[in-house]
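Protein chains in written order, with this note's numbering: chain A, 15 to 391; chain B, 15 to 391. Glycine included, every Cβ here is placed at the ideal spot set by N, Cα and C.
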């Protein structure tokens, strides 16, 4: 059911087709994040229009509200949120560690308090898989622990636990129509990353996730870790770099062999009036746009750029009209989706390596990451 | 340029076609309100999809922000907000009297303070027309004074002033591609309403607006005023009842010969999770909808009802996801737009009078008005 076919290669960069029950995914791809069963402020129609294919849901959030059993009884997350294309859910681990104030971890699982009402809950690998089976996404994640990347001793501990939890997640899994990915951890420690890549790659899963990056380390550290892991990653499985990222991170990581990305950045930036643009990231509230009749990006083909001026978007922002966030979200998501389409073309025609520098130059002014560690997007 | 052709009659109810520079309007019709150059949280595409034709903009708001000259320089309001169908702007009078804390009225005009920053501004009939010419809507309004409907002595004063201002508005008008409507005032006083209807009807305008209703009076008072004015209204001009209303008010008023309506009610209700439904108005935050897989209204053909369950909408509301307001706005606007389509069919086939009671019964559970007098939509 979950075949991954590589269709072209440029050194480590590759294009592929990943088959899921809800359709084929062309990789490399960027997946918008629909934390609570909705990509914030966008309809499924608008997501389809900007050519989103894979969409993320967050297990932690959906478990707490509206509840995974409610979603199961409603026919699963695809039907509940009316997204007919592939879905991916994370394991809940990252949110338990970043959002919950109080948590107690042991080898069997994590007890934590809800960030919504303070109620006590417990996740184990078995529980995370059961919840994700209720949600019914095409791609699901093993339960993992994402630790402080700079604490080598603890990161080893957390990594070992993540490995045992990956095995337990795999054993707990019942549904044949979901692809379970194990998650590589190991912080920014080369020896741990290598060990974790070997361990997770050896599991019988249709794909590999890379966790614990883009959580505060430098770009150089992230690149180094991708380079360290690469030799151990099987060629024939898609690689998913969780929580990444900026346009540059996408280009750099595609060049290092990554196939799937997700990040809240495009929609969160949009809610802060910030738009990706080839001339550098724009804060559309800036007074200099008051009479600017150009679209956000002349080169963009999104609904927002085809329709509205910067002057109108600035007016909506200043007048506190929430449609601004919808329109900028459409643009920012389309910018990354379109970038991935362009990279796929370049990989297919063999020009990726030659043109990566050119793409990086175009997107250089959009390099700044946002802190996302402690967020509830 | 502004021809009004009556195509069918059922006693006082009638269907018509009003020709404007941006297309024909089929009446009776309901116009969504786009106070600040946007129908809150909806794209023009979504408005076209629900078959909105005429959209309102508010002169007071657009003058203050982003400024009518900015909009003129951007090519006018149609281009600025990318609404290709007809637009209507009010005169700013109603907002000056309802939103501005400090205002001083004299026979020449009104001096008021901005509700945004307290800065001082002055509107006169000539200024209102100049602003509306900068905005460039197809239908514009004479500057008027909307007074406390229960103060007979003052209402006469305000009405007389409104009449003189209507004449001045008409003299000030320069653009041939805009239809100026005079506004009937007179509170809930039969003698004043009759006098005002006669005066405004005698002006050389392509349409007649009825102001000062749905501002706190009872439904019976509103009906009585419509009945009092009716004999004086010319058959061959469209009649626009400003700020109305609920589904019942629309049905009742169409039966009393009204052709055009606008109201913030559908979108404001939506932002408070309240949806029009034939079973009565629904508050979709209610826990009883948590597992309700039906659409808001089984009989509705809107995008929201064709796509999403009440359970999903309730989840979005509880999770504070703003897409809920967008989706319920689509439904509420479509409910009124569709009601007007149905009434047009009934008038055309002669069944309106026989079926009005049936329509009133369907919509009876949606009767409650919202206070809109002091609002910023």
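Per DSSP, which one or two residues make a beta bridge with residue i?
| i | result |
| --- | --- |
| residue 191/A | In the DSSP output, where bridge partners are listed per residue, residue 191/A has none listed. |
| residue 38/B | 33/B |
| residue 135/A | 126/A |
| residue 251/B | Answer is none; residue 251/B lacks a bridge partner. |
| residue 24/B | 27/B |
| residue 71/A | 103/A |
| residue 289/A | 296/A |
| residue 118/B | 125/B |
| residue 276/B | 45/B |
| residue 18/A | 32/A |
| residue 154/B | 194/B |
Among the candidates the options, whose CA atom is the shortest distance from the CA of residue i?
| i | options | result |
| --- | --- | --- |
| residue 309/B | 337/B, 335/B and 341/B | 341/B |
| residue 230/A | 160/A, 184/A, 188/A and 182/A | 160/A |
| residue 106/B | 35/B, 144/B, 37/B and 346/B | 144/B |
| residue 251/B | 135/B, 274/B, 353/B and 186/B | 274/B |
| residue 91/B | 171/B, 129/B and 49/B | 49/B |
| residue 194/A | 254/A, 263/A and 21/A | 254/A |
| residue 198/A | 246/A, 168/A and 373/A | 246/A |
| residue 177/B | 215/B, 148/B and 187/B | 215/B |
| residue 351/B | 33/B, 17/B, 25/B and 47/B | 47/B |
| residue 382/B | 96/B, 280/B and 326/B | 280/B |
| residue 205/B | 63/B, 362/B, 169/B and 102/B | 169/B |
| residue 393/B | 223/B, 173/B and 207/B | What the structure shows of chain B is the stretch from 15 to 391, and residue 393/B is not part of that stretch, so it cannot be assessed. |
| residue 186/B | 108/B, 146/B, 69/B and 75/B | 146/B |
| residue 196/A | 290/A, 103/A, 82/A and 33/A | 103/A |
| residue 122/B | 320/B, 148/B, 335/B and 174/B | 174/B |
| residue 189/A | 148/A, 132/A and 72/A | 148/A |
| residue 85/A | 379/B, 365/B and 307/B | 307/B |
| residue 112/B | 93/B, 94/B and 72/B | 72/B |
Please report the straight-line C-alpha distance between residue i and residue j, rounded to a whole angstrom.
| i | j | result |
| --- | --- | --- |
| residue 165/A | residue 61/B | 54 Å |
| residue 27/B | residue 256/B | 17 Å |
| residue 331/B | residue 209/A | 45 Å |
| residue 78/B | residue 225/A | 50 Å |
| residue 324/A | residue 241/A | 40 Å |
| residue 370/B | residue 270/B | 12 Å |
| residue 286/A | residue 19/A | 39 Å |
| residue 212/A | residue 54/A | 37 Å |
| residue 388/A | residue 302/B | Bear in mind that a pLDDT of 36 at residue 388/A, under 50, signals an unreliable position, so the number given afterwards is only what the model happens to contain. Computed Cα separation, rounded: 33 Å. |
| residue 201/A | residue 259/A | 17 Å |
| residue 23/A | residue 261/A | 21 Å |
| residue 349/A | residue 315/A | 9 Å |
| residue 386/B | residue 282/B | With a pLDDT of only 40 at residue 386/B, under the threshold of 50, the placement of this residue in the model should not be trusted; the figure read from the coordinates follows. Distance between the alpha carbons of residue 386/B and residue 282/B is about 10 Å. |
| residue 203/B | residue 218/B | 25 Å |
| residue 266/A | residue 96/A | 33 Å |
| residue 57/B | residue 337/A | 7 Å |
| residue 150/B | residue 87/B | 11 Å |
| residue 89/B | residue 227/A | 48 Å |
| residue 25/B | residue 357/B | 14 Å |
| residue 82/A | residue 74/A | 10 Å |
| residue 288/A | residue 221/B | 44 Å |
Using a Cβ-Cβ cutoff of less than 7 Å, which residues in the same chain neighbour residue i once the five nearest sequence positions on both sides are dropped?
| i | result |
| --- | --- |
| residue 407/B | Lying before the first or after the last residue shown, residue 407/B is absent from chain B, which here runs from 15 to 391. |
| residue 35/A | 15, 152 and 191 |
| residue 376/A | 292 |
| residue 328/B | 298, 299, 303 and 304 |
| residue 317/B | 63 and 344 |
| residue 179/B | 139, 156, 157 and 158 |
| residue 172/B | 159, 161 and 199 |
Given residue i, which residues of its chain have a CB within under 6 Å of its CB, disregarding the five upstream and five downstream residues?
| i | result |
| --- | --- |
| residue 142/B | 105, 106 and 157 |
| residue 162/B | none |
| residue 347/B | 46, 64 and 280 |
| residue 268/A | 27, 42 and 357 |
Report all residues from its chain with a CB closer than 8 Å to the CB of residue i; omit the five preceding and five following residues, and keep chain order.
| i | result |
| --- | --- |
| residue 126/B | 110, 114, 116, 117, 118, 134, 135, 136 and 137 |
| residue 399/A | Absent from the structure is residue 399/A, since the part of chain A shown begins at 15 and ends at 391. |
| residue 264/A | 42, 44, 258, 275, 350, 353, 354 and 357 |
If we require 3 or more residues per run, which beta strand (DSSP E) segments fall completely within the stretch 338-371 of chain A?
Segments of the beta strand (DSSP E) lying fully in the stretch 338-371 of chain A: there are none.
Runs of 4 residues minimum, wholly inside the stretch 202-229 of chain B: which ones carry the alpha helix (DSSP H) assignment?
Counting whole runs of 4 or more residues, the stretch 202-229 of chain B contains the alpha helix (DSSP H) stretches 204-215.
Restricting to runs no shorter than 3 residues, where is the beta strand (DSSP E) found entirely within the stretch 159-186 of chain B?
The DSSP assignment places no complete beta strand (DSSP E) segment of no fewer than 3 residues inside the stretch 159-186 of chain B.
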